[in-house]
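K.L.:
Dropping the structure in here first, questions after.
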Amino acid sequence: MLAGFLVGLVLGLAIHLTAPDAAWVDAVTTYVTAPVGEIFLRLLFMLVIPLLVSALIVGVAEMGELRSLRRVGVRTLIYTLVVSGIAVALSIVLVNLLQPGAGVDPVQARAMLADAGQGAKAILAREGDAPTGVAAVLAIVPDNVIAAMAGNDILAVMVFALFFGIGLLLVRTEQSRVLLSAMEGLFEVSMRLIGLVIRLAPIAIACFMFNLAAQFGWELLVRLSAYAGVVLLALLIQMFAVYPLLIAMLARRSPLRFFAAAQEATLMAFATASSNATLPTAIRVAEDRLHLPRRIARFVLTIGATANQNGTAIFEGITVLFLAQFFGVDLTLSQQLMVMLVCILGGVGTAGVPAGSLPVVAMILGMVNVPPEGIGLVLGIDRFLDMCRTALNVTGDLVAATVISAGEEDRSPSAT
130 MLAGFLVGLV
140 LGLAIHLTAP
150 DAAWVDAVTT
160 YVTAPVGEIF
170 LRLLFMLVIP
180 LLVSALIVGV
190 AEMGELRSLR
200 RVGVRTLIYT
210 LVVSGIAVAL
220 SIVLVNLLQP
230 GAGVDPVQAR
240 AMLADAGQGA
250 KAILAREGDA
260 PTGVAAVLAI
270 VPDNVIAAMA
280 GNDILAVMVF
290 ALFFGIGLLL
300 VRTEQSRVLL
310 SAMEGLFEVS
320 MRLIGLVIRL
330 APIAIACFMF
340 NLAAQFGWEL
350 LVRLSAYAGV
360 VLLALLIQMF
370 AVYPLLIAML
380 ARRSPLRFFA
390 AAQEATLMAF
400 ATASSNATLP
410 TAIRVAEDRL
420 HLPRRIARFV
430 LTIGATANQN
440 GTAIFEGITV
450 LFLAQFFGVD
460 LTLSQQLMVM
470 LVCILGGVGT
480 AGVPAGSLPV
490 VAMILGMVNV
500 PPEGIGLVLG
510 IDRFLDMCRT
520 ALNVTGDLVA
530 ATVISAGEED
540 RSPSAT
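Okay, so the sequence shown: first residue is 130 according to our numbering, each after it adds one.
Structure, rendered in structure tokens:
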């Protein structure tokens with residue numbers, strides 16, 4: 130990905146400096162680079178709905194797999210939503226304060242919007258005007274889930290998946306277990322296909338960066354550095370301010386001892402950029418280093434690998450708002466709150482694999498009328514940011530397990 134980023138950036142900057150208005154540049158962008166990038170986007174959009182639906186259904190249904198852990202599952206879900214909300218709120222505040230994407234020439238921004246791929250626009254097209262007020266609240270609950278999927282109404286689809294998962298949790302029959310197994314199979318297949326599509330990302334990144342750098346020049350580098358800085362700042366605040374407070378106040382443990390015990394899992398997450406790949410290490414750390422009850426640790430960490438992803442929620446929120454600022458798309462407070470809600474739920478439905486949040490980011494961009502092609506801006510440095518946010522995700526899972534375990538110990542004083 131870094132190689133594709135650099136190739137596209139260097140070539141684009143060279144064209145920007147030497148022949149920005151040449152006719153052959155338009156031909157290359159129209160018939161070569163733009164179609165290649167559009168194919169990459171179409172593949173992502175093709176898989177995002179089955180990925181999110183299956184991930185949410187399986188994640189919710191598994192919370193009640195063992196009768197004795199149903200209470201733990203509810204507390205884990207509430208904790209996940211609250212802490213993810215804190216993470217996304219933090220990211221939105223930082224983006225609005227620091228404005229990493231503001232200041233781009235409006236003429237260039239409008240030109241970029243006008244040149245956005247028509248295929249991606251067609252995929253993300255939403256019939257009619259976006260609802261507001263009470264209509265927006267009602268629209269969250271779909272009256273036709275197939276229509277919601279066809280219209281890429283991601284929030285409505287997530288609500289359906291949440292209710293469907295609750296239904297599987299409540300219905301305990303052989304047929305429902307077969308249906309849950311089918312959802313698990315759909316999730317595994319979707320994750321595998323997403324992994325194959327991501328392998329095409331270096332080529333798509335080169336095409337995206339060529340188109341963007343040829344238009345924006347060195348301004349692109351400045352904005353990209355500002356964006357990465359805001360993401361890292363938000364991750365650091367969540368890691369070393371929010372998490373220590375949760376450990377000290379809710380779990381009544383020493384934050385320093387916690388981070389010392391959790392460092393092996395954190396480093397493994399940073400190296401692999403995959404919550405799923407780090408799960409065995411996280412379970413071992415929770416049981417052997419943090420001395421958490423095995424049944425609670427395994428339950429919370431398994432669910433957390435896909436549901437409790439604070440770093441992913443932060444990344445998605447900052448990325449969407451940064452690109453909205455970059456392309457001059459003004460988002461109202463209600464739109465930003467909608468982005469916040471989708472990012473919270475999107476963290477639950479994001480695959481715990483490298484670059485697993487990219488389909489969700491692309492879909493949210495379409496929801497707020499930001500060109501999905503803009504995702505090419507961040508893909509080049511996404512591997513490094515992915516490593517950082519995965520380290521936060523896994524550490525957050527261990528924080529959640531520690532807090533939930535402390536709550537269960539309060540309920541059972543005799544527990545060892």
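The beta-carbon is built from N, C-alpha and C at its ideal position, and this holds for glycine as well.
In this text, all values refer to a predicted model and were calculated from it rather than measured experimentally.
Give me the residue from Ala277, Gly440, Leu450, Leu365 with the minimum Cα distance to Pro229.
P.N.:
Reading the sequence shown from its first residue, position 100 is the one you call residue 229. With distances taken between Cα atoms, Pro229 lies closest to Leu450.
K.L.:
Suppose the cutoff is 8 Å on Cβ atoms and the five residues either side in sequence are ignored; what does the same chain contact list for Asp459 look like?
P.N.:
For the purposes of this step, residue 459 is taken as the residue at position 330 of the sequence shown. Cβ within range, chain order: Ala453.
K.L.:
Considering only residues of the same chain and omitting the five flanking positions on each side of Val490, which have a CB-CB separation below 7 Å?
P.N.:
As a first step, residue 490 is located in the sequence shown; it is residue number 361 there, counting from the start. Glu445, Thr448, Val449, Ile504, listed in sequence order.
K.L.:
CA-CA distance, Asp155 and Asn437?
P.N.:
Translated into the one-based positions of the sequence shown, residue 155 becomes position 26. Translated into the one-based positions of the sequence shown, residue 437 becomes position 308. Their Cα atoms are separated by approximately 44 Å.
K.L.:
Return yes when the Cβ of Asn439 is within less than 8 Å of the Cβ of Ala216, no when it is not.
P.N.:
Looking up residue 216 in the sequence shown gives position 87. Looking up residue 439 in the sequence shown gives position 310. Taking 8 Å as the Cβ cut-off, Ala216 and Asn439 qualify as a contacting pair.
K.L.:
Specify, as a first and last residue, the run of the alpha helix (DSSP H) that Ser383 falls within.
P.N.:
Numbered from its first residue, the sequence shown carries residue 383 at position 254. Where Ser383 is concerned, there is no enclosing alpha helix (DSSP H), given that its DSSP letter is neither H nor E.
K.L.:
Taking all protein chains shown into account, decide if Glu317 is buried (16 or more other Cβ within 10 angstroms of its Cβ) or exposed.
P.N.:
Counting from 1 along the sequence shown, the entry for residue 317 is found at position 188. Per the 10 Å Cβ criterion, exposed.
K.L.:
For Leu185, verify whether its CB is less than 7 Å away from any heavy atom of the ligand PLP.
P.N.:
Absence of the ligand PLP from the depicted structure is noted, as is the absence of any ligand whatsoever, leaving it without description.
K.L.:
I'd like the span of the alpha helix (DSSP H) that includes Ile504, first residue to last.
P.N.:
Sequence index remark: in the sequence shown, residue 504 carries index 375 (1-based). Note, Ile504: premise wrong, no alpha helix (DSSP H); not H, not E.
K.L.:
Do you know whose CA, among Asn273, Ser404, Ala426, Met469, lies nearest Val212's CA?
P.N.:
Position 83 of the sequence shown, counting from 1, holds the residue named residue 212. Nearest C-alpha to Val212: Met469.
K.L.:
Per the contact definition of three or more C-beta pairs closer than 8 Å, is the segment 288–296 in contact with the segment 161–173?
P.N.:
No: fewer than three Cβ pairs fall under 8 Å.
K.L.:
With a CB to CB cut of under 7 Å and the five nearest residues on each side skipped, what residues in its chain are close to Ser220?
P.N.:
Taking the first residue of the sequence shown as 1, we reach residue 220 at position 91. Only Ala363, Ile443, Gly446, Ile447 meet the Cβ criterion.
K.L.:
Rank Glu502, Ile473, Gln465, Ala391 by C-alpha distance to the C-alpha of Thr158 and give the top, closest one.
P.N.:
For the purposes of this step, residue 158 is taken as residue 29 along the sequence shown, with counting starting at 1. The shortest C-alpha separation from Thr158 is found at Glu502.
K.L.:
Would you give the residue range spanned by the alpha helix (DSSP H) that Ala377 belongs to?
P.N.:
Stepping through the sequence shown from its first residue, residue 377 is reached at position 248. That run of the alpha helix (DSSP H) goes 372–378.
K.L.:
Which two residues bound the contiguous alpha helix (DSSP H) that contains Ile144?
P.N.:
The count along the sequence shown starts at 1 and reaches residue 144 at position 15. Element bounds for Ile144: 131–147.
K.L.:
Taking Cβ positions, are Met278 and Val288 nearer each other than 8 Å?
P.N.:
Indexing the sequence shown from 1 puts residue 278 at position 149. Indexing the sequence shown from 1 puts residue 288 at position 159. Result no, Cβ atoms of Met278 and Val288 do not sit closer than 8 Å.
K.L.:
According to DSSP, is Asn522 helix, strand or coil?
P.N.:
In the sequence shown, residue 522 corresponds to position 393, counting from 1. The answer is helix: DSSP assigns Asn522 an H, G or I state.
K.L.:
Helix, strand or coil: which one does DSSP assign to Ile207?
P.N.:
Here residue 207 refers to the residue found at position 78 of the sequence shown. Note: Ile207 maps to helix in three-state DSSP.
K.L.:
Cα-Cα, which of Ile144, Gly202, Leu131 is closest to Ile432?
P.N.:
Here the question's residue 432 lines up with position 303 in the sequence shown. With distances taken between Cα atoms, Ile432 lies closest to Gly202.
K.L.:
Applying the 10 Å Cβ sphere with the 16-neighbour rule, what's the burial state of Asn273?
P.N.:
As a first step, residue 273 must be located in the sequence shown, where it is residue number 144. Exposed, since its Cβ has fewer than 16 Cβ neighbours within 10 Å.
K.L.:
Are Ala357 and Thr519 touching if we call contact CB-CB under 8 Å?
P.N.:
Position 228 of the sequence shown, counting from 1, holds the residue named residue 357. Position 390 of the sequence shown, counting from 1, holds the residue named residue 519. No, Cβ-Cβ distance for Ala357 and Thr519 is not below 8 Å.
K.L.:
Given Val177, which residues of its chain have a CB within under 6 Å of its CB, disregarding the five upstream and five downstream residues?
P.N.:
Translated into the one-based positions of the sequence shown, residue 177 becomes position 48. Pro488, Met492.
K.L.:
In whole angstroms, what is the alpha-carbon distance linking Ala394 and Val414?
P.N.:
For the purposes of this step, residue 394 is taken as residue 265 along the sequence shown, with counting starting at 1. For the purposes of this step, residue 414 is taken as residue 285 along the sequence shown, with counting starting at 1. C-alpha separation (whole angstroms): 7 Å.
K.L.:
Spatial neighbours of Ser197 within its chain, please: C-beta separation below 6 Å, excluding the five flanking residues on both sides.
P.N.:
Taking the sequence shown and counting its residues from 1, the one referred to as residue 197 is at position 68. Only weak support exists for where Ser197 lies, its pLDDT of 49 falling under 50; the coordinates are left without a value.
K.L.:
Please say whether Ala530 and Leu421 have beta carbons closer to each other than 8 Å?
P.N.:
As a first step, residue 421 must be located in the sequence shown, where it is residue number 292. As a first step, residue 530 must be located in the sequence shown, where it is residue number 401. Yes; because the gap between Cβ atoms is below 8 Å, this pair is in contact.
K.L.:
Determine the contact status of Leu365 and Ile510, defining contact as a CB-CB distance below 8 Å.
P.N.:
Your numbering for residue 365 matches position 236 in the sequence shown. Your numbering for residue 510 matches position 381 in the sequence shown. No, these two residues do not count as a Cβ contact at 8 Å.
K.L.:
When the distance is taken between beta carbons, is Ala343 closer than 8 Å to Ile144?
P.N.:
In the sequence shown, counting from the first residue as 1, residue 144 sits at position 15. In the sequence shown, counting from the first residue as 1, residue 343 sits at position 214. A contact, by the Cβ cut-off of 8 Å.
K.L.:
Tell me the residue span of the alpha helix (DSSP H) that contains Ala311.
P.N.:
Translated into the one-based positions of the sequence shown, residue 311 becomes position 182. Looking at the DSSP string, the run of the alpha helix (DSSP H) that includes Ala311 is 303–327.
K.L.:
Among Ile334, Ala311, Val471, which has the Cα closest to the Cα of Ser463?
P.N.:
Position 334 of the sequence shown, counting from 1, holds the residue named residue 463. That would be Val471, whose Cα lies nearest to the Cα of Ser463.
K.L.:
In terms of alpha-carbon separation, which member of Tyr208, Leu474, Pro179, Leu181 lies closest to Tyr372?
P.N.:
Working through the sequence shown from its first residue, we reach residue 372 at position 243. Taking only the C-alpha atoms, the option nearest Tyr372 is Tyr208.
K.L.:
For a quick check, are the C-beta atoms of Trp187 and Leu375 less than 8 Å apart?
P.N.:
Walking along the sequence shown from the start, residue 187 turns up at place 58. Walking along the sequence shown from the start, residue 375 turns up at place 246. One detail in the question is off: residue 187 reads as Val in this sequence, not Trp. For Val187 and Leu375, no; Cβs fall outside 8 Å.
K.L.:
By Cβ distance, which residues of its chain are closer than 6 Å to Ala333, with the 5 residues on each side in sequence left out?
P.N.:
To locate residue 333, count along the sequence shown from 1; it is residue 204. Cβ neighbours of Ala333 beyond the five flanking positions: Gly166, Phe169.
K.L.:
Can the beta-carbon of Thr524 be found closer than 8 Å to that of Met320?
P.N.:
In the sequence shown, the residue the question calls residue 524 occupies position 395. In the sequence shown, the residue the question calls residue 320 occupies position 191. Not closer than 8 Å, so no.
K.L.:
Give the straight-line distance between the Cα atoms of Phe339 and Val359, rounded to the nearest whole angstrom.
P.N.:
Walking along the sequence shown from the start, residue 339 turns up at place 210. Walking along the sequence shown from the start, residue 359 turns up at place 230. If I take the Cα positions, the gap works out to 24 Å.
K.L.:
Is the beta carbon of Leu131 sitting closer than 8 Å to the one on Val326?
P.N.:
Residue numbering aside, residue 131 sits at position 2 when the sequence shown is read from its first letter. Residue numbering aside, residue 326 sits at position 197 when the sequence shown is read from its first letter. Cβ distance not < 8 Å, so Leu131 and Val326 don't count as in contact.
K.L.:
Leu291: which of Ala190, Leu267, Arg200, Arg382 sits nearest, CA to CA?
P.N.:
For the purposes of this step, residue 291 is identified with residue 162 of the sequence shown, where counting begins at 1. Taking only the C-alpha atoms, the option nearest Leu291 is Ala190.
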